[in-house]
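**Student:** Okay, here's the structure, questions in a sec.
Protein chains in written order, with my numbering: chain A, 1 to 445; chain B, 446 to 717.
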């Protein structure tokens, strides 16, 4: 066995080009001309998305040149090594570059500059169920999925019985998976992934998807792989899990590794910096904060009953959304508001500040915190995101600002049996999960 | 524990890495199997469609171009003349359609996991061969009906089978890589396939083309395939001077397709 690291990342850079804003036409004639030329300009636009010929990336990477507006530097001069057998935690807020890094490591996308060396087979729990086809039977999907995940047919043959045992679908092996329940499908998909036996495993946010049972299985599997001396890259927002399971943690921010060390140290430093929490967003610089001359947003947070910033909220307990803003000009009636969205992009509700104390009343200059209580036993499990806005109601009616995806938080159900799901531990659908009053009429026959 | 090292770095190679394909041969096999099994899932007629589709087309063409328009076919009965052309053409058009949309339909997998991307367009080209093999029954049936005697020219058939497969591979590589970024390809495809059909001697005979233009005409690799099929099966003269241009064109199509695909492969995921 070689003593070289399982993963080594050297001077890794990844640039993306985003679509550039198109200038608006002044007149109908100009608009018509632009419409006629649009195939050419569309072609140029699409081409520019991956062509970097016009900019000197070497100079930008070395810091000698400013970054053009339409270029995103997703991974910046990253350097790190993961020794064989280490469980490395990767933390950082959304958009920090973690996913891009993982995409490069799993070879889905190529780096723009730099080099990565991976010793051993790498696979990722992100890919659970990739390539499952509804018309194929459980057996066929097991082979297809197994080979997609990187196994040879012979390897699938060898573990096939174990996969079937583990998934518990042996009776339906020759039934098309379109007749499976969601739970059966997930179990089979996970069983295939769990028997992959990779030397390097990537786990990305697995803990926030799927039902609780599935998450627990993933955790167990990860722990057993870790104990078997395999290398794991664990990306998560679940700080307790990161601290418990990892030997070492790195923090990624703006595409760079900003901290690297013992889990407790890195995690506590990350949490203290505030930006580590997706359920807290702050705009310390008033000039660049959302808003205008009248209102500027200062912070948005999701808090628990103790007023602590909460990444995850117990489904049974109430939580609070706080919108902190500065009023820079007196004499306006303001309506703070927010909307709550689920992962599917469905708006769960819109809420407007109806605090009687400020309703219809002109606000003097100052700092305000608008606080809304969301009762327990209302939201369903999953990741929620919040858009915030402040509207002006009088003298003019207009939007002071609308900020999308200000914060996100997770609603979790810990299966104690006293939540709205009762004793049922499977996947429960629905946009909300209220606690209903149930009663039964019974007559013995 | 294996000690195989994977190096990930910006890649400027011109060709896809074929040695890598061997490691993924099992996956390729299961993907082809999936395409075959899924195609006729939940149909009553199942694989009969592989026969029914070209049959209907042959009958329509025989009626319109053979009976009504009376297109000259060098003395060959029109039914025979068109069957020998439509069977390989149906394969080529199906394979081209499947291959050119392969990356768009597979983008879910594309964004989640790595395997050699070139497998995507190759899968439908191979999977549709099953339909082709089944529909060969039509050719055999028509040959028996007209009592066609097989000539020694049949030994060249494997060459035309290879070109028949190479054409959709080449076009599939080009169009799948284009389609992932320009969704226009999907809309242009229906139209282009129909155009291609009329540019090739499927409903008419290539001898109708004036000799001065025959060379340029035969640069279309589909022309070579169709003429080759007729010559091998029906024993019409094999005019090699009008077949080589198409064979070479199909090779050029495959090689340039591979280069273009390789070039685009690096940015697929970033522009989906």
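We treat Cβ as the ideally placed atom computed from N, Cα and C, and that holds for glycine.
Compute the Euclidean distance between the alpha carbons of residue 664 of chain B and residue 647 of chain B, then round it to the nearest angstrom.
**Tutor:** 16 Å
**Student:** So with CB distances below 7 Å, who are the chain B contacts of residue 131 of chain A?
**Tutor:** 554
**Student:** Are residue 581 of chain B and residue 532 of chain B close, meaning C-beta to C-beta below 8 Å?
**Tutor:** yes
**Student:** Answer with buried or exposed for residue 670 of chain B, where buried requires no fewer than 16 other C-beta atoms within 10 angstroms of its C-beta.
**Tutor:** buried
**Student:** DSSP state of residue 328 of chain A, grouped into three classes?
**Tutor:** coil
**Student:** For residue 108 of chain A and chain B, any beta-carbon pair shorter than 8 Å?
**Tutor:** Yes, residue 108 of chain A lies at the interface with chain B (some Cβ there is under 8 Å from its Cβ).
**Student:** Skipping 5 residues on each side, what residues in its chain have a beta carbon closer than 8 Å to that of residue 692 of chain B?
**Tutor:** So the qualifying residues of the chain are 604, 608, 666 and 669.
**Student:** Checking 8 Å against the spacing of the C-beta atoms, do residue 638 of chain B and residue 498 of chain B come in under that value?
**Tutor:** no
**Student:** Nearest chain B C-beta to residue 143 of chain A closer than 8 Å, yes or no?
**Tutor:** yes
**Student:** Run through chain A and tell me which residues come within less than 7 Å of residue 472 of chain B, C-beta to C-beta.
**Tutor:** Result: 147 and 148.
**Student:** In three-state DSSP terms, what is residue 402 of chain A?
**Tutor:** Reduced to three states, the DSSP call for residue 402 of chain A is strand.
**Student:** For the stretch 446-471 of chain B, list every residue whose C-beta sits within 9 Å of some C-beta in chain A, in sequence order.
**Tutor:** 446, 447, 448, 449, 450, 451, 452, 453, 454, 455, 456, 468, 469, 470 and 471
**Student:** Do we get a CB-CB distance below 8 Å when we pair residue 479 of chain B with the residues of chain A?
**Tutor:** yes
**Student:** Along chain A, in chain order, which residues have C-beta atoms closer than 7 Å to that of residue 564 of chain B?
**Tutor:** Correct list: empty, because the minimum Cβ distance to chain A is about 10 Å.
**Student:** Taking C-beta pairs closer than 8 Å, name the residues in chain A that residue 486 of chain B reaches, listed in chain order.
**Tutor:** 135 and 176
**Student:** Can we count residue 523 of chain B as close to the ligand SAM, meaning its CB is less than 7 Å from some heavy atom?
**Tutor:** The ligand SAM is not part of this structure, which contains no ligands at all.
**Student:** Got a sec, what are the start and stop residues for the beta strand (DSSP E) residue 451 of chain B sits in?
**Tutor:** 450-453
**Student:** Take residue 506 of chain B and list the residues in its own chain whose beta-carbon comes closer than 6 Å to its own, dropping the five residues that flank it on each side.
**Tutor:** 527 and 648
**Student:** Please classify residue 154 of chain A as buried or exposed, where buried requires at least 16 other C-beta atoms within 10 Å of its C-beta.
**Tutor:** exposed
**Student:** Are the C-beta atoms of residue 557 of chain B and some chain A residue less than 8 Å apart?
**Tutor:** yes
**Student:** Which bits of chain B does residue 16 of chain A rub up against, with CB to CB less than 8 Å?
**Tutor:** Correct list: 715.
**Student:** Do residue 81 of chain A and residue 8 of chain A have their C-beta atoms within less than 8 Å of each other?
**Tutor:** yes
**Student:** Count the other CB atoms within 10 Å of the CB of residue 459 of chain B; is the residue buried (16 or more) or exposed (fewer)?
**Tutor:** With fewer than 16 other Cβ atoms from the protein chains shown falling within 10 Å of its own Cβ, residue 459 of chain B counts as exposed.
**Student:** By alpha-carbon positions, which one of A:429, A:357, A:394 and A:230 ends up nearest to residue 381 of chain A?
**Tutor:** Put simply, of A:429, A:357, A:394 and A:230 the residue whose alpha carbon is nearest the alpha carbon of residue 381 of chain A is A:429.
**Student:** Could you tell me which of A:110, A:71 and A:402 sits nearest to residue 17 of chain A, measuring between CA atoms?
**Tutor:** A:71
**Student:** I'd like to know whether the C-beta atoms of residue 406 of chain A and residue 281 of chain A end up nearer to each other than 8 Å.
**Tutor:** yes
**Student:** Give every residue of the same chain whose Cβ lies closer than 8 Å to the Cβ of residue 502 of chain B, excluding the five residues on either side of it in the sequence, and list them in chain order.
**Tutor:** 531 and 535
**Student:** Which whole runs of the alpha helix (DSSP H) in the stretch 507-559 of chain B are 4 residues long or more, in chain order?
**Tutor:** 523-550 and 552-555
**Student:** Is residue 114 of chain A close to chain B, meaning its C-beta is less than 8 Å from at least one C-beta of that chain?
**Tutor:** yes
**Student:** For residue 434 of chain A, does the count of other Cβ atoms within 10 angstroms reach 16, so buried, or fall short, so exposed?
**Tutor:** exposed
**Student:** Nearest-angstrom Cα distance between residue 248 of chain A and residue 88 of chain A?
**Tutor:** 5 Å
**Student:** Going straight from the alpha carbon of residue 208 of chain A to that of residue 396 of chain A, what length do you get?
**Tutor:** Summary for residue 208 of chain A: the model assigns pLDDT 45, below 50, so the residue's position carries little reliability, and this model does not support an answer.
**Student:** Taking only the alpha-carbon atoms, compute the straight-line gap between residue 173 of chain A and residue 553 of chain B and give it to the nearest angstrom.
**Tutor:** 25 Å
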